[in-house]
Amino acid sequence: MKRFNRLTAVLLAGVTAASLTGGAVSVFADSDVKVIKGVTSGSLAPYFYVGDDNELTGVDIDIVKEVFNRLPQYELQIDTADALQGVISGQYDIAINNYGYTDERAESYYFSFPYKTSFNEYIQRADDEPLTSLQDLADRGYKIELTAGSLTANALEQWNEENPDHQIEIVYDNTNFQVRYQNIVDGVTDVAIDDGPLIDNLLPNFGLEGQLVPNPIDDETQEFLFPQNNTYFLFGKNEEGAALREDVDAVLKEMKEDGTLAEITEKYLGKDTSPDEKYFEETIN
Numbered sequence: 337m338k339r340f341n342r343l344t345a346v347l348l349a350g351v352t353a354a355s356l357t358g359g360a361v362s363v364f365a366d367s368d369v370k371v372i373k374g375v376t377s378g379s380l381a382p383y384f385y386v387g388d389d390n391e392l393t394g395v396d397i398d399i400v401k402e403v404f405n406r407l408p409q410y411e412l413q414i415d416t417a418d419a420l421q422g423v424i425s426g427q428y429d430i431a432i433n434n435y436g437y438t439d440e441r442a443e444s445y446y447f448s449f450p451y452k453t454s455f456n457e458y459i460q461r462a463d464d465e466p467l468t469s470l471q472d473l474a475d476r477g478y479k480i481e482l483t484a485g486s487l488t489a490n491a492l493e494q495w496n497e498e499n500p501d502h503q504i505e506i507v508y509d510n511t512n513f514q515v516r517y518q519n520i521v522d523g524v525t526d527v528a529i530d531d532g533p534l535i536d537n538l539l540p541n542f543g544l545e546g547q548l549v550p551n552p553i554d555d556e557t558q559e560f561l562f563p564q565n566n567t568y569f570l571f572g573k574n575e576e577g578a579a580l581r582e583d584v585d586a587v588l589k590e591m592k593e594d595g596t597l598a599e600i601t602e603k604y605l606g607k608d609t610s611p612d613e614k615y616f617e618e619t620i621n
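Under our numbering, the first residue of the sequence shown is numbered 337, with each subsequent residue one higher.
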């Protein structure tokens with residue numbers, strides 16, 4: 337686990353809220369400022385990654401930092417660790433990890449208002465004819481490698497249930513992006529469906545630029561695959577998590593209204609991917 341934040345050192349006798357209440361929120365002995373422990377899983381550019389200055393940066397990181405800049409009652413620290421387990425165990429207060437919504441996650445975590453909307457693309461071999469639809473994918477007999485329980489896997493399983501004459505062959509595995517993309521190059525599988533900005537960063541990093549290309553997914557397919565294609569911060573499903581979420585949500589709504597979410601997403605992603613205003617009226621869970 338590595339910490340990348342720069343915080344003002346405060347010497348105190350070691351009194352923390354965690355020692356008093358069992359929570360992850362620490363309290364300075366001589367003030368009302370609470371240290372909020374954030375966690376991200378590591379490097380997933382352009383969302384969160386270590387910059388040239390050896391500090392965490394990226395669209396998710398810039399957004400969460402700005403949130404807490406507007407909450408003077410808190411001081412944010414960000415570590416790298418297992419984000420989901422860290423929050424559910426109470427070791428951390430907020431997960432910052434490009435998380436989408438699932439019913440399963442909602443059973444264990446509170447979701448913030450969304451802070452950005454994702455868009456996805458097909459990844460295919462450069463000499464392949466661009467796919468036009470899921471039916472096209474199925475009718476070509478293409479294989480797609482997915483992690484069981486992922487949003488894409490769940491959606492394609494639903495497609496197969498609803499379209500018995502146009503079945504998509506799913507290869508279940510828990511491989512990383514590099515292995516998954518290399519399998520497409522090698523012909524083991526034929527296509528991936530992934531986040532557009534992520535693809536733009538990963539293909540050059542893996543030396544696959546020119547061998548694989550992203551192709552657009554039509555709006556109808558996007559809606560079927562990812563009807564809630566927003567990303568959220570996650571909190572522990574307890575009283576402390578609910579209170580922190582309320583404070584964070586108030587600022588996220590403010591950042592939507594004043595254009596800050598648009599500004600940060602455009603800086604990293606090349607366009608405004610801030611969520612629609614309707615998503616800031618009521619929390620998803």
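Just so you know, even glycine gets a beta-carbon here, dropped at the ideal spot from N, CA and C.
Own chain, CB closer than 7 Å to residue i, minus 5 neighbours either side, in chain order
i	result
leucine 420	Ala431
isoleucine 620	Tyr437, Phe447
phenylalanine 449	Asp585, Leu588, Lys589, Tyr615, Phe616, Thr619
aspartate 531	Ser454, Asn456
arginine 473	Arginine is not the amino acid found at residue 473; the sequence shown has leucine there. Same-chain partners within the cutoff: Leu467, Ile504, Val527.
Pairwise C-alpha distance: residue j and residue i
i	j	result
aspartate 388	threonine 483	32 Å
leucine 544	glutamine 518	8 Å
lysine 573	lysine 452	22 Å
threonine 557	tryptophan 495	11 Å
glutamine 503	glutamate 575	45 Å
isoleucine 520	arginine 406	45 Å
serine 379	phenylalanine 513	12 Å
threonine 601	aspartate 555	20 Å
alanine 578	glutamine 413	19 Å
valine 395	glycine 374	15 Å
glutamine 471	glutamate 493	13 Å
serine 501	aspartate 475	Here residue 501 is aspartate; the residue named in the question, serine, does not match the sequence. Using only the alpha carbons, I get a separation of about 9 Å.
glutamate 593	aspartate 464	42 Å
glutamate 559	tyrosine 568	18 Å
isoleucine 535	asparagine 551	11 Å
proline 466	valine 515	22 Å
aspartate 583	threonine 393	23 Å
glycine 595	alanine 442	28 Å
proline 533	glycine 606	9 Å
phenylalanine 542	glutamate 599	29 Å
isoleucine 424	phenylalanine 571	8 Å
asparagine 537	glycine 546	13 Å
Residue i in three-state terms, based on DSSP
i	result
glutamate 481	strand
glutamate 618	coil
proline 466	coil
tyrosine 445	strand
tyrosine 451	coil
lysine 592	helix
lysine 601	The amino acid at residue 601 is misidentified as lysine; the sequence shows threonine. Helix, per DSSP.
threonine 438	coil
threonine 393	strand
threonine 416	strand
leucine 380	strand
Same chain, Cβ closer than 6 Å to residue i, five either side skipped, listed in chain order
i	result
isoleucine 397	Phe384
tyrosine 410	Lys370, Ile372, Phe404
serine 433	Note that residue 433 is asparagine in the sequence shown here, rather than serine. Once the five neighbours on either side are set aside, the close Cβ partners of asparagine 433 are Thr376, Ser377, Ala419.
aspartate 439	none
valine 549	Ala462
asparagine 510	Thr483
glutamate 505	Lys479
Span of the beta strand (DSSP E) around residue i
i	result
proline 550	548 to 552
glutamate 505	505 to 508
glutamate 457	456 to 461
alanine 431	430 to 435
isoleucine 371	Note that residue 371 corresponds to valine in the displayed sequence, not to isoleucine. Here the beta strand (DSSP E) through valine 371 covers 370 to 376.
leucine 570	566 to 572
8 Å CB neighbourhood of residue i in its chain, flanking five on each side removed
i	result
isoleucine 529	Asn456, Glu457, Tyr458, Ile459, Ile480, Thr488, Ile553, Leu561
lysine 401	Leu412
Closer than 7 Å: residue i CB and nearest the ligand FMN heavy atom
i	result
threonine 393	Ligands in the displayed structure: none, and consequently the ligand FMN is not present.
Below-8 Å beta-carbon distance, residue i vs any chain D residue
i	result
glutamine 547	In the structure shown, chain D cannot be found, because there is only a single protein chain.
Element boundaries [alpha helix (DSSP H), containing residue i]
i	result
aspartate 388	Per DSSP, aspartate 388 belongs to no alpha helix (DSSP H) and is neither H nor E.
glutamine 558	555 to 561
Give, in chain order, every unbroken run of the beta strand (DSSP E) that is at least 3 residues long and sits entirely within the stretch 494 to 547. 505 to 508, 528 to 531
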